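Taking it in order: structure first as structure tokens, then the write-up.
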DNA sequence: TTATTTTAGATACAAGCTAAATATATTGCC
DNA sequence: GGCAATATATTTAGCTTGTATCTAAAATAA
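Chains as they are written, first to last, in the working numbering: chain A, 1 to 391; chain B, 392 to 782.
Structure follows, in structure tokens:
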């Protein structure tokens, strides 16, 4: 029996409750009349919906604001309904090869606790890795003054392909074992729902939420540190592809003037070493190269030129096939990468007929955790009426 | 006032009617009990919905089938509701630079009329172009034994970027003028709703519907005749990008071993000319090259090898960034391209870590019109309850 | 105090669905 | 042909959610 969800009268309440909740979440506090105007429902219905949401814990009724002499309101004072941002928290995880960072946020996305730990080594057993991740989560929750019982969802980013259903591509070495462990481990330990995603995809979510891609529906975020990786949003949705490998940059091996999917930091080291170093004497770190260039060092400036053209070619390849409105360069090197922007922007039209706007992420290291928080919030918002707010 | 669609009790009927109609469209004829099992609704509701759909003209009640002695059915005979595939027709247009083809289909997608005309020249004025298109439509409708009044929607494919809203990228030369003309012209002439799309995108719709990509959600169709162009579906949705230019192949200019976005037919001519021709004596058409190769001609075979590797590189580039499950080669050269498949499949793993299945389209020249019909049907199905079937 | 304004709450009713009882049309058996 | 069994159809009462309308309450302004 296929049983394709029949629409019963209860669906109406569900739909209207979702609409009201979404609006209240957006404005933080609303009156019945505002909600009537928004939804087109009558007052009776709006009030009924709000009482419903109050009893479920998603909104609370707040006192009248003290009467404001500058802006006196006629008429009977309205009841005021506020989004209960303390109905629970979400966790955003950035699980790297070397380090894991956790951020705890309330339901409006304000980060209220953080923690970070490095792994003892890269090849530690899955069990130890999970222990460290669990530790980071608990530390972050403690820093936020809350506990595991109040977590409504966990977003987690890893540097491996993850498909639409949150499964790690099995062809990847140790991650596959690790993944299965993480989701069920956190479920078993705390009852948490873990939403696994590729880190570049989460970066795209984060950038669109609180970065330079705010509100852009066709957005690509390039994580450009050690290795290039792209998170692609089209029409406001993340692209995954069949096995979650969308946004992988292996094809750059074949692109003239690019030749590899090495990131900006990796290349800065290599190229400065080849030059004998910007101030001579071996490879320099990426920040050093950018510093030297800012100071006028010609060798460093040449590296920047070369890097700009290379990035322009990378971005043009993506722009041609995906046609984003904007490409954001993010990751560890994002701040320095600002120096590349003029060069990239100038070179782009040579390589593509549809050059996107190019910007640099303001989110820094937090880009993945911000996206992970957003991912978890999206889940909570979409499933609010099926989730029991933690009391 | 934002007025975000309130859910009234009428919405329930709408949702349930959509579900019932979708199911009946799939199975062609259904009984009340089947629909109860499918939707989970009670018989009373199912019957009410069906009566509704009958009065709107979307379904019809059909007589009992003559009692079948091999399979006698106990109990009171069920009323049988059938999809009214003759509630109207849709038009699918393939508007090329040189030729326009129209297909008329009933609401189950069976093509019941076709027509095709060439333009007098490529640079004729927009007005003349529209006249020819209109003529082709009317001829196809006549061939189908129906008339303009019964057209519920028109899908139209053109070889230019078209954004999500059906607007042609304004940077394109004469198309922009042409487009505005086409949509409003057909609206004015016949009251038709025209859904403009990029031809490769429609090819992808067609291939997923009735081609070798049936049911594949992450699918790329490469139109590979004169110029390469891709229609990309991810998670069952067409990718457009900001200005509709997603799937453009300009970046191939930068890809080693590819170098241009020339199609198979164009390259077969050029390469055979460079060789002095497969049987000597100047350039040969693509079909000729494939023929000669099949006959064992070594020069032609060499061209095929070269072509296979080149296509493998093209497909690998896309596979890396988009990660489709399958890539279909379509367009005028599709039939001959079968000879390239073994070579492409063998070469792919050298160029990408996520090689897709590669096939050749069985739809031949009709690939765009089939997709255009599907596009129009999608529109009709999504908007059935707001559309008045043509009586 | 009194009028005005805005929101709140209560009552009557409509749309759509469920559930349960009753009616109808067919098969199969005597 | 008559009757049980079976599957479907139809009717009736009741639930949920919504609208529409009327009256009450709480504030400002004169």
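The beta-carbon is built from N, C-alpha and C at its ideal position, and this holds for glycine as well. Just so it is clear, the structure is predicted and the values come from calculations on it, not from any experiment.
query = Nearest to residue 731 of chain B by CA position, among B:696, B:762 and B:713, is which residue?
reply = Numbered from its first residue, the second chain carries residue 731 of chain B at position 340. Nearest in C-alpha terms to residue 731 of chain B, of all of B:696, B:762 and B:713, is B:696.
ask   = So residue 462 of chain B is in the beta strand (DSSP E); what residue range does that whole segment cover?
value = Numbered from 1 along the second chain, position 71 holds the residue referred to as residue 462 of chain B. Under the DSSP assignment, residue 462 of chain B falls outside any beta strand (DSSP E); it carries neither an H nor an E label.
query = For the beta strand (DSSP E) that contains residue 486 of chain B, what are its first and last residues?
reply = Residue numbering aside, residue 486 of chain B sits at position 95 when the second chain is read from its first letter. First-last of the beta strand (DSSP E) with residue 486 of chain B: 480-486.
ask   = Can you list the residues of chain A that residue 602 of chain B reaches, using a CB-CB cut of under 8 Å?
value = As a first step, residue 602 of chain B must be located in the second chain, where it is residue number 211. Correct list: empty, because the minimum Cβ distance to chain A is about 18 Å.
task = May I ask which residues mark the beginning and end of the beta strand (DSSP E) holding residue 549 of chain B?
result = Here residue 549 of chain B is taken as the residue at index 158 of the second chain, counted from 1. Counted as a single uninterrupted DSSP element, the beta strand (DSSP E) harbouring residue 549 of chain B occupies residues 542-549.
Residue 106 of chain A versus residue 193 of chain A - alpha carbon distance = For the purposes of this step, residue 106 of chain A is identified with residue 106 of the first chain, where counting begins at 1. For the purposes of this step, residue 193 of chain A is identified with residue 193 of the first chain, where counting begins at 1. Using only the alpha carbons, I get a separation of about 16 Å.
ask   = What residues from chain B crowd round residue 241 of chain A, counting only those whose CB sits closer than 7 Å?
value = Taking the first chain and counting its residues from 1, one reaches residue 241 of chain A at position 241. Residues of chain B passing the Cβ test: 609, 625, 713, 714 and 715.
query = Just how far apart, CA to CA, sit residue 415 of chain B and residue 536 of chain B?
reply = By one-based count along the second chain, residue 415 of chain B stands at place 24. By one-based count along the second chain, residue 536 of chain B stands at place 145. Distance between the alpha carbons of residue 415 of chain B and residue 536 of chain B is about 25 Å.
request  = Following the continuous beta strand (DSSP E) through residue 559 of chain B, name the residue where it begins and the one where it ends.
outcome  = Looking up residue 559 of chain B in the second chain gives position 168. Boundaries for residue 559 of chain B: no beta strand (DSSP E) harbours it, and the DSSP string shows neither H nor E there.
message = residue 742 of chain B and residue 254 of chain A - do their beta-carbons sit closer together than 8 Å?
response = Stepping through the first chain from its first residue, residue 254 of chain A is reached at position 254. Stepping through the second chain from its first residue, residue 742 of chain B is reached at position 351. With respect to the 8 Å criterion, residue 254 of chain A and residue 742 of chain B are classified as neighbours on the basis of their beta carbons.
Nearest-angstrom beta carbon gap, residue 550 of chain B and residue 514 of chain B [assumed within contact, 8 Å] = Against the second chain, residue 514 of chain B aligns to sequence position 123. Against the second chain, residue 550 of chain B aligns to sequence position 159. Wrong, their Cβ atoms sit about 15 Å apart, outside the cutoff.
query = What does residue 640 of chain B touch in chain A if you count any residue whose Cβ is under 8 Å from its own?
reply = Locating residue 640 of chain B in the second chain gives position 249, where the first residue counts as 1. Under the 8 Å cutoff, chain A gives 320 and 321.
query = DSSP state of residue 198 of chain A, grouped into three classes?
reply = Looking up residue 198 of chain A in the first chain gives position 198. Note: residue 198 of chain A maps to strand in three-state DSSP.
key: DSSP three-state assignment for residue 668 of chain B, whether helix, strand or coil   = The residue given as residue 668 of chain B occupies position 277 in the second chain. Its pLDDT being 46, under 50, residue 668 of chain B is placed unreliably in this model, and the coordinates cannot settle the point.
inquiry  = I'd like the list of long-range same chain contacts for residue 246 of chain A, defined as Cβ closer than 7 Å, with 5 residues on each side in sequence excluded.
reply    = Counted from its first residue, the first chain places residue 246 of chain A at position 246. Once the five neighbours on either side are set aside, the close Cβ partners of residue 246 of chain A are 232, 239 and 240.
Neighbourhood of residue 313 of chain A by C-beta, 7 Å cutoff - its chain only, sequence neighbours within 5 removed = In the first chain, counting from the first residue as 1, residue 313 of chain A sits at position 313. Closer than 7 Å at the Cβ level, and outside the excluded window around residue 313 of chain A, lie 255, 257, 258 and 351.
key: Boundaries (first-last residue) of the alpha helix (DSSP H) holding residue 371 of chain A   = In the first chain, counting from the first residue as 1, residue 371 of chain A sits at position 371. Where residue 371 of chain A is concerned, the enclosing alpha helix (DSSP H) starts and stops at 367-382.
message = Give me the DSSP bridge partner(s) of residue 64 of chain A.
response = Walking along the first chain from the start, residue 64 of chain A turns up at place 64. Paired residue(s): none; residue 64 of chain A is not in a bridge.
ask   = From residue 683 of chain B to residue 722 of chain B, what distance separates their C-alpha atoms?
value = Mapped onto the second chain, residue 683 of chain B falls at position 292. Mapped onto the second chain, residue 722 of chain B falls at position 331. Cα-Cα distance, rounded: 21 Å.
Extent of the continuous beta strand (DSSP E) to which residue 27 of chain A belongs = Sequence index remark: in the first chain, residue 27 of chain A carries index 27 (1-based). Here residue 27 of chain A belongs to no beta strand (DSSP E); instead the alpha helix (DSSP H) covers 9-27.
message = Beta-carbon within less than 6 Å of residue 169 of chain A's beta-carbon, same chain only, minus the 5 sequence neighbours each way: which residues are those?
response = Position 169 of the first chain, counted from the first residue, corresponds to residue 169 of chain A. Only 161, 243 and 244 meet the Cβ criterion.
query = How many angstroms separate the CA atom of residue 492 of chain B from the CA atom of residue 762 of chain B?
reply = Position 101 of the second chain, counting from 1, holds the residue named residue 492 of chain B. Position 371 of the second chain, counting from 1, holds the residue named residue 762 of chain B. Distance from the CA atom of residue 492 of chain B to the CA atom of residue 762 of chain B, rounded to whole angstroms, is 13 Å.
Within chain B, partners of residue 313 of chain A - CB distance below 7 Å = Taking the first chain and counting its residues from 1, one reaches residue 313 of chain A at position 313. Ordered by position in chain B, the residues that pass the 7 Å Cβ test against residue 313 of chain A are 645.
inquiry  = What would DSSP say about residue 330 of chain A, mapped onto helix, strand or coil?
reply    = Translated into positions along the first chain, residue 330 of chain A becomes position 330. If DSSP states are grouped into helix, strand and coil, residue 330 of chain A belongs with the strands.
C-alpha distance - residue 206 of chain A paired with residue 751 of chain B, whole-angstrom precision = For the purposes of this step, residue 206 of chain A is identified with residue 206 of the first chain, where counting begins at 1. For the purposes of this step, residue 751 of chain B is identified with residue 360 of the second chain, where counting begins at 1. If you draw a straight line from the Cα of residue 206 of chain A to the Cα of residue 751 of chain B, it comes to about 40 Å.
Contacts of residue 746 of chain B in chain A (Cβ-Cβ under 7 Å) = Position 355 of the second chain holds residue 746 of chain B. Neighbours of residue 746 of chain B in chain A, taken as residues whose beta carbon is under 7 Å from its own, are absent, since the nearest beta carbon is some 11 Å off.
ask   = How big is the Cα-Cα spacing for residue 43 of chain A and residue 348 of chain A?
value = One-based indexing of the first chain puts residue 43 of chain A at position 43. One-based indexing of the first chain puts residue 348 of chain A at position 348. Put simply, the backbone Cα of residue 43 of chain A is about 55 Å away from that of residue 348 of chain A.
task = Select from the stretch 399-428 of chain B all residues with a C-beta closer than 7 Å to any C-beta belonging to chain A, and list them in chain order.
result = Of all residues in the stretch 399-428 of chain B, 400, 402, 403, 406, 407, 410 and 428 have a Cβ within less than 7 Å of some Cβ in chain A.
ask   = Taking contact to mean at least 3 C-beta pairs separated by less than 8 Å, is the stretch 502-509 of chain B in contact with the stretch 529-545 of chain B?
value = Yes: the two stretches touch, three or more of their Cβ pairs being nearer than 8 Å.
task = Leaving aside the five residues before and after residue 408 of chain B along the sequence, list all residues of the same chain whose C-beta is less than 7 Å from its C-beta, in chain order.
result = In the second chain, counting from the first residue as 1, residue 408 of chain B sits at position 17. Residues 440, 443, 444 and 776 of the same chain have their beta carbon placed closer than 7 Å to that of residue 408 of chain B, with the five preceding and five following residues left out of the count.
ask   = Going by C-alpha distance, which of A:250, A:357, A:229 and A:195 is nearest residue 264 of chain A?
value = One-based indexing of the first chain puts residue 264 of chain A at position 264. Selected option, being the one with the closest Cα: A:229.
query = Shortest alpha-carbon distance to residue 554 of chain B belongs to which of B:760, B:465 and B:588?
reply = Walking along the second chain from the start, residue 554 of chain B turns up at place 163. Checking every option, the nearest Cα to that of residue 554 of chain B belongs to B:588.
key: Between the CA atoms of residue 157 of chain A and residue 191 of chain A - distance to the nearest angstrom   = Your numbering for residue 191 of chain A matches position 191 in the first chain. Your numbering for residue 157 of chain A matches position 157 in the first chain. Each residue's alpha carbon lies about 19 Å from the other.
request  = Report the option in B:452, B:626, B:546 and B:424 whose CA atom is closest to the CA atom of residue 713 of chain B.
outcome  = On the second chain, residue 713 of chain B is found 322 positions in, with the first residue counted as 1. For the residues B:452, B:626, B:546 and B:424, the minimum Cα distance to residue 713 of chain B belongs to B:626.
request  = Whole angstroms is fine: what's the gap from residue 211 of chain A's alpha carbon to residue 419 of chain B's?
outcome  = Looking up residue 211 of chain A in the first chain gives position 211. Looking up residue 419 of chain B in the second chain gives position 28. Straight-line Cα distance between these residues: approximately 50 Å.
task = Just confirm the distance between the C-beta atoms of residue 767 of chain B and residue 481 of chain B, as a whole number of angstroms; I'd bet it's less than 8 Å.
result = Sequence index remark: in the second chain, residue 767 of chain B carries index 376 (1-based). Sequence index remark: in the second chain, residue 481 of chain B carries index 90 (1-based). Yes, residue 767 of chain B and residue 481 of chain B are in contact; Cβ-Cβ is about 4 Å, under 8 Å.
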